[in-house]
Every structure is written in structure tokens, then in C-alpha cells.
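Presented below is the structure to which this report refers.
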Amino acid sequence: MHEEITSIGWLIHNLNREHLVLLDASPEKTASGAASKYQDVCIPGTRLFSIKENFTNKENRFPNTIPSPQQFERQCQLLGINKDSEIVVYDNRGVYSSPRVWWLFKVMGHEKVSVLDGGLREWLKQGGPKIVKQDVKTTYALGDFKTNFNEEQVISYEEVIQNIEEKKFLIIDARSSGRFSGIDPEPR
3 MHEEITSIGW
13 LIHNLNREHL
23 VLLDASPEKT
33 ASGAASKYQD
43 VCIPGTRLFS
53 IKENFTNKEN
63 RFPNTIPSPQ
73 QFERQCQLLG
83 INKDSEIVVY
93 DNRGVYSSPR
103 VWWLFKVMGH
113 EKVSVLDGGL
123 REWLKQGGPK
133 IVKQDVKTTY
143 ALGDFKTNFN
153 EEQVISYEEV
163 IQNIEEKKFL
173 IIDARSSGRF
183 SGIDPEPR
């Protein structure tokens, strides 16, 4: 498994694969405040990956700022993630927050990571087994995960401001059109 996207079929057949780590990156609610109807279930063997609680630099003035490599490494180790872990990340909204987790692992130098095609919704639709989220294990043997931070994949606030004048790179805004144009309220 070295694909960027993992199919439901592959995961069903490889759920007990050695070195496989499943990460549920589901937010409690979306930026607009919507909760998922799949909030209380997950795929067996899942580890909970809380972007907001453990994988964000909370000391930065901007919400959801990338964590330091040291913070990311330590939190991954606490989740029992190792250097040789093959990670499949999903969320309960289909594909909402899982691509961010995929990107975080790539920025931190871990290549064996993919997003589950369709997320938890598609998993359940195709008959994949589920467990109640409250039964998910929360402590693991300490992993040996190490970061190899790719700083060229991260742009600072100052670089974005400077780019307004210099126009050295293109910025693509992934917000909804209503948020982009200022019609809809900004939840952050």
C-alpha cells in the first residue's frame, strides 16, 4: 500500500495487516457547526487522531496552525505510530479532514500514508464492520515515529502577505464560495 488513496475493498481485505495504522480524523463538528450522523462509530482497529486537540499549534494566533515537528512526532509516538507504519486516514464526513492529516504526514516526511476513498460513510455503505467509538483503545505502546520536516511545503503568514505584491506563487482558497466572497459568516 503506497497509493495516495486506499479503496474500501483493499482495506476490508487488509484490516489486520501488520504495520497498518487506521486513523480517524473526524472533527466533532464542521466549521459551520454541523455534526455527522456517524459521530459515534468507527472502523475496528482505529486510533483517534484529534487535529484540534493534539495536532495543532495552539500557541499560534491563527487557528489550526501546523504543529511543530517535535509536537507532531511526540503525538504520533503516543498513538503508537512507528517509522514503518502504513497509515490509512479517514473521517466520518466522506473526505473532509482526512486530506489535511495526509498532508501533515507528507510534510513531516512520512510517505506511507493514504486517504480512505469515501471515508467512513463509504465504508459503512459497502458493508465494512464498525465498532462504537467509545470502545476505541486510547493508549498504545510508544511508537518510534520520527519526523523529517519538509519546510518548503509550508508557507508562513508573512510570505503570503509578501506575495500580494510580489505574486511569486498562486494561492488557491479551498473555502466555500460564500465564505470566500464574504456572503456567508466566517466560523473562524
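So in the working numbering, the last spot in the sequence shown is 190, and the numbers never skip. The C-beta atom is built at its ideal place from N, Cα and C for all residues, glycine as well.
Looking only at its chain, what residues have a beta carbon closer than 6 Å to the beta carbon of Ala37, apart from the 5 residues adjacent to it on each side?
Lys31
Where does Glu6 land, buried or exposed, given buried means 16+ other C-beta within 10 angstroms?
It is exposed - the Cβ of Glu6 has fewer than 16 other Cβ atoms within 10 Å.
Proximal residues to Pro71 (C-beta, below 7 Å), its chain only, five neighbours per side dropped
Met110, Thr149 and Phe151
Spatial neighbours of Val138 within its chain, please: CB distance less than 7 Å, with the 5 preceding and 5 following residues excluded, ordered by chain position.
Closer than 7 Å at the Cβ level, and outside the excluded window around Val138, lie Cys44, Thr48 and Leu50.
Between Phe107 and Val97, which are expected to be in contact by the criterion C-beta below 8 Å, what is the C-beta distance as a whole number of angstroms?
The pair is not a contact, with the Cβ atoms about 16 Å apart (cut-off 8 Å).
Exposed or buried, which one is Leu172 when buried takes at least 16 other CB atoms within 10 Å?
exposed
Measuring alpha carbon to alpha carbon, tell me which of Lys85, Asp86 and Ser100 ends up nearest Tyr92.
Ser100
Can you give the Cα-Cα distance for Val263 and Pro29, rounded to whole angstroms?
Because the chain in this structure spans residues 3 to 190, residue 263 falls outside the shown range and cannot be described.
Can you pull the DSSP bridge partners for Glu88?
Leu22
What is the residue span of the alpha helix (DSSP H) that Ser100 lies within?
Ser100 to Val109
Under 8 Å by Cβ, that's how I've got Gln128 and Ile10 pegged, so tell me the actual separation to the nearest angstrom.
5 Å
Can you say whether Asn94 is buried or exposed, counting buried as having 16 or more other CB atoms within 10 angstroms of its CB?
buried
Using CA atoms only, rank isn't needed, just tell me which of Asp186, Asp42, Ser34 and Leu81 is closest to Thr199.
Residue 199 lies beyond the range of the chain shown here (3 to 190); nothing can be said about it.
Decide if Ser191 is buried, meaning its Cβ has at least 16 other Cβ atoms within 10 Å, or exposed.
Only positions 3 to 190 of the chain appear in this structure, which leaves residue 191 out of reach.
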